[in-house]
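Presented below is the structure to which this report refers.
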């Protein structure tokens with residue numbers, strides 16, 4: 001009996017001793033906490049043995065980065081300068097007018113036309129043929145050939161085909177506006193073929209029609 005009591009006493013004491021040495025109670029984590037803890041543990045295991053990462057250096061402090069973008073900016077500016085230089089001198093106050101000696105003397109004026117179907121009533125260049133009308137057209141086109149400085153011919157690449165003034169670097173040329181006025185004059189004359197071209201053959205009249213068709217296309 002005494003031996004049995006002694007064994008029970010020793011068993012109880014050893015059980016209490018093990019209970020004291022056991023780790024403290026920890027609550028069971030929820031699913032998301034468990035996953036977070038697992039992933040954190042994997043990250044810690046994966047990063048084991050690696051040197052600690054430093055903060056990434058700013059690109060603007062990288063000399064190679066600055067050198068590359070500086071060269072790229074210089075290239076853009078060079079291309080822009082070449083494009084601007086290729087356009088040639090601009091004509092101030094002359095929108096849409098090419099490089100021309102007449103650009104500086106052009107005067108711009110806004111005009112509202114209200115003649116409608118009476119457009120021929122107030123013009124000396126339209127209407128039925130008459131000596132006054134023909135003289136007006138002659139005087140308008142009489143000064144179409146003018147003396148032009150060589151720089152304008154060189155700008156348009158026509159110095160080899162231009163008519164040079166003897167003893168000078170200038171050329172004989174005409175402004176394109178006179179060519180357009182000549183075309184308008186031809187259209188007016190075509191309306192009165194019997195008066196302006198009385199001796200034209202049928203072939204010549206056909207050629208005249210083709211030419212005037214090109215003027216209106």
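Residue numbers (UniProt numbering): 1 to 217. Even for Gly, the Cβ is constructed at its ideal location relative to N, Cα and C. Quantities reported herein were computed from a predicted structural model and do not represent experimental measurements.
Going by beta-carbon coordinates alone, are residue 181 and residue 102 separated by less than 8 Å? no
Alpha carbon to alpha carbon, how far is residue 100 from residue 93? Give it in angstroms, no decimals. Annotation note: pLDDT 48 at residue 93 (below 50); position unreliable, no value reported.
Considering only the beta carbon of each residue, do residue 171 and residue 165 sit closer than 8 Å? yes
Looking only at its own chain, which residues have a Cβ that is under 7 Å from the Cβ of residue 195, when we skip the five neighbours before and after it? 129
Sub-8 Å separation of residue 127 and residue 148 beta-carbons: no
For residue 76, does the count of other Cβ atoms within 10 angstroms reach 16, so buried, or fall short, so exposed? exposed
When you compare only the Cα positions, how much space is there between residue 124 and residue 80? 49 Å
Taking the C-alpha atoms as reference points, what is the distance between residue 151 and residue 109? 29 Å
Alpha helix (DSSP H) segment containing residue 196, residue limits: 193-196
CB of residue 104 within 8 Å of CB of residue 137, strictly: no
For residue 146, report the span of its beta strand (DSSP E) as first-last. 145-148
I need the straight-line Cα distance from residue 157 to residue 168, nearest angstrom please. 18 Å
Does DSSP classify residue 44 as helix, strand or coil? In this prediction, residue 44 scores a pLDDT of 49, lower than 50, which makes its location untrustworthy; no coordinate-derived value is stated.
Using a threshold of 8 Å, state whether the C-beta atoms of residue 210 and residue 193 are closer than that. no
Can you tell me whether DSSP reads residue 184 as helix, strand or coil? helix
Got a sec, what are the start and stop residues for the beta strand (DSSP E) residue 172 sits in? 171-174
How many whole angstroms separate the CB atoms of residue 66 and residue 60, which I take to be in contact at a CB cut-off of 8 Å? 7 Å
Can you name the residues that DSSP bridges to residue 164? 171
Helix, strand or coil: how does DSSP classify residue 142 here? coil
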